[in-house]
């Protein structure tokens, strides 16, 4: 087979979809040595996304989400003669010379339409026609599959669920009890902090965690509760900083901003508790990363999070700060329970792999081609 994969977004972002594209492409190239893969990259992205003998880079002119890509992409793909084209970024052009496979990571833009500007609304609004015309639709969780059925009317038999996985490099670090690390100017001590990992935006529901932290501090001022937030600023995040000021949490919260993968691995391994209070996740990759590193995990009982974490996390109502405070307080000094959750997390995370994702995706390619 000759398989083209749209990787243009990797020239502009480093988040979930670019990571999915890179990890899947690398695993596919290794798994299917007899097949030929074409990495469709923006012309400004001059280095191959993945180095493999059966993978070639092909430059494309339009950047991702360009308003003219529906017209120009089919023309640029015509000389390549692919057997199929995989679009990991939701949307496939309607007129293609080969069958299209699309991956849907979540439908947050339908659940929370206020997160979109006009350009994004125009792009993601094409998801209806894209899923209807695609030869195969991949959902990254059963929760996302259910959303596709409910919100887009896609028949369930047309949807394949293929789980993502944590990138290589996430595993439990053997840290001394007195170990510390300085990240972006913040010195952190092992076992001394609650951890939150995400871009700062409304759907991630950080205010609930801030309220829970304040409740914990008011109940037990003798405990040095501390929250570390790892993630870049996103959009509509002003309420977070207003709450930090109003609750006077400045001395109890470390805002690290963006961190490197090795630093994130240290944070997951060193934290006392990892907390994911998201209102909605199509997959919830940080939860899987945290479990891979043996963190004791708390997560909202919403969307895909219970599906991914299974019995390796404790699940809480996302908007009930009192319940979050109760659970944090109970778990803070319960070392045995934290260790048990961490061990279950390591075992659960091992069930996900990019090799498995590649095998299941390759089977879809063969069926489509």
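Numbering (the working numbering), first residue to last: -6 to 362. Backbone N, C-alpha and C define an ideal beta-carbon position, used for all residues, glycine too. All values reported here derive from a predicted model rather than from experimental measurement.
Exercise. Run through DSSP, which three-state label would residue 123 get?
Worked result: The residue you call residue 123 lines up with position 130 of the chain shown. In this structure, residue 123 counts as helix in the three-state DSSP scheme.
Problem set entry | Bounding residues of the beta strand (DSSP E) (the contiguous stretch that carries residue 77) | As a working mapping, residue 77 is identified with position 84 in the chain shown. Segment 77 to 80, the beta strand (DSSP E) holding residue 77.
Exercise. Considering only residues of the same chain and omitting the five flanking positions on each side of residue 155, which have a CB-CB separation below 6 Å?
Worked result: As a working note, residue 155 is residue 162 in the chain shown. These residues qualify, in order along the chain: 131, 350, 353, 354.
Exercise. Would DSSP call residue 64 helix, strand or coil?
Worked result: Here residue 64 corresponds to residue number 71 of the chain shown, with the count starting at 1. Looking at residue 64 - three-state DSSP - the assignment turns out to be helix.
Exercise. Tell me, which residues are paired with residue 133 by DSSP?
Worked result: Here residue 133 corresponds to residue number 140 of the chain shown, with the count starting at 1. Its beta-bridge partners do not exist; DSSP assigns none.
For this session: On a CA-only basis, which of 15, 308, 331 is nearest residue 157? Give me that one, please.
Result: If you number the chain shown from 1, residue 157 lands on position 164. Ranking the options by Cα distance to residue 157, first place goes to 15.
Problem set entry | Endpoints, beta strand (DSSP E) assigned at residue 180 | As a working mapping, residue 180 is identified with position 187 in the chain shown. That run of the beta strand (DSSP E) goes 179 to 182.
For this session: Determine the burial state of residue 257: buried for a count of at least 16 other Cβ atoms within 10 Å of its Cβ, exposed for fewer.
Result: Taking the chain shown and counting its residues from 1, one reaches residue 257 at position 264. Looking at its Cβ environment, which holds 16 or more other Cβ atoms inside 10 Å, residue 257 is buried.
Problem set entry | Reference residue 217; option with closest CA among 290, 229, 108, 265 | Along the chain shown, read from residue 1 onward, the residue named residue 217 stands at position 224. When only C-alpha atoms are compared, the closest one is 265.
Exercise. With a cut-off of 8 Å, do at least 3 Cβ pairs link the segment 277 to 286 to the segment 246 to 253?
Worked result: Because the criterion of three Cβ pairs below 8 Å is not met, the segment 277 to 286 and the segment 246 to 253 do not touch.
Exercise. In angstroms, rounded to a whole number, what distance separates the CA positions of residue 123 and residue 81?
Worked result: Here residue 123 refers to the residue found at position 130 when the chain shown is read from its first residue. Here residue 81 refers to the residue found at position 88 when the chain shown is read from its first residue. Each residue's Cα considered, the two are about 12 Å apart.
Exercise. With respect to the beta strand (DSSP E) encompassing residue 32, which residues constitute its N-terminal and C-terminal limits?
Worked result: The count along the chain shown starts at 1 and reaches residue 32 at position 39. Its beta strand (DSSP E) spans residues 29 to 35.
Exercise. Got a sec, what are the start and stop residues for the beta strand (DSSP E) residue 193 sits in?
Worked result: What you label residue 193 is simply residue 200 of the chain shown in a count that begins at 1. For residue 193, there is no enclosing beta strand (DSSP E), as DSSP gives it neither H nor E.
For this session: For the alpha helix (DSSP H) containing residue 260, list its first residue and its last residue.
Result: Your numbering for residue 260 matches position 267 in the chain shown. From DSSP, the alpha helix (DSSP H) with residue 260 extends over 254 to 263.
Problem set entry | Rounded C-alpha distance that separates residue 65 from residue 53 | Position 72 of the chain shown, counting from 1, holds the residue named residue 65. Position 60 of the chain shown, counting from 1, holds the residue named residue 53. Taking the straight line from one Cα to the other gives about 9 Å.
Exercise. Using DSSP with H/G/I as helix, E/B as strand and the rest coil, what is residue 314?
Worked result: Residue numbering aside, residue 314 sits at position 321 when the chain shown is read from its first letter. It is helical.
Problem set entry | Same chain only: Cβ atoms within 7 Å of residue 304, ignoring 5 sequence neighbours per side | Residue 304 sits at position 311 when you count from the first residue of the chain shown. Excluding residues within five positions, the ones whose Cβ falls inside 7 Å are 337.
For this session: Sort 230, 94, 346 by Cα distance to residue 192 and report the nearest one.
Result: Along the chain shown, one-based indexing puts residue 192 at 199. Considering only alpha carbons, the answer is 230.
Exercise. Among 189, 242, 334, 59, which residue has its Cα nearest to the Cα of residue 284?
Worked result: On the chain shown, residue 284 is found 291 positions in, with the first residue counted as 1. Per the Cα distances, 334.
Exercise. Rounded C-beta distance between residue 30 and residue 21? I'm assuming under 8 Å.
Worked result: Indexing the chain shown from 1 puts residue 30 at position 37. Indexing the chain shown from 1 puts residue 21 at position 28. Right, the Cβ-Cβ distance comes to about 6 Å (below 8 Å), so this counts as a contact.
Exercise. Just the Cα atoms here: how many angstroms apart are residue 55 and residue 330?
Worked result: Within the chain shown, residue 55 is the residue found at index 62, counting from 1. Within the chain shown, residue 330 is the residue found at index 337, counting from 1. Approximately 52 Å between the Cα atoms of the pair.
For this session: Give the straight-line distance between the Cα atoms of residue 184 and residue 19, rounded to the nearest whole angstrom.
Result: One-based indexing of the chain shown puts residue 184 at position 191. One-based indexing of the chain shown puts residue 19 at position 26. For the pair residue 184 and residue 19, the Cα-to-Cα distance works out to about 35 Å.
For this session: Inspect the beta-carbon positions of residue 32 and residue 59 and report whether they are closer than 8 Å.
Result: By one-based count along the chain shown, residue 32 stands at place 39. By one-based count along the chain shown, residue 59 stands at place 66. Contact flag unset, no.
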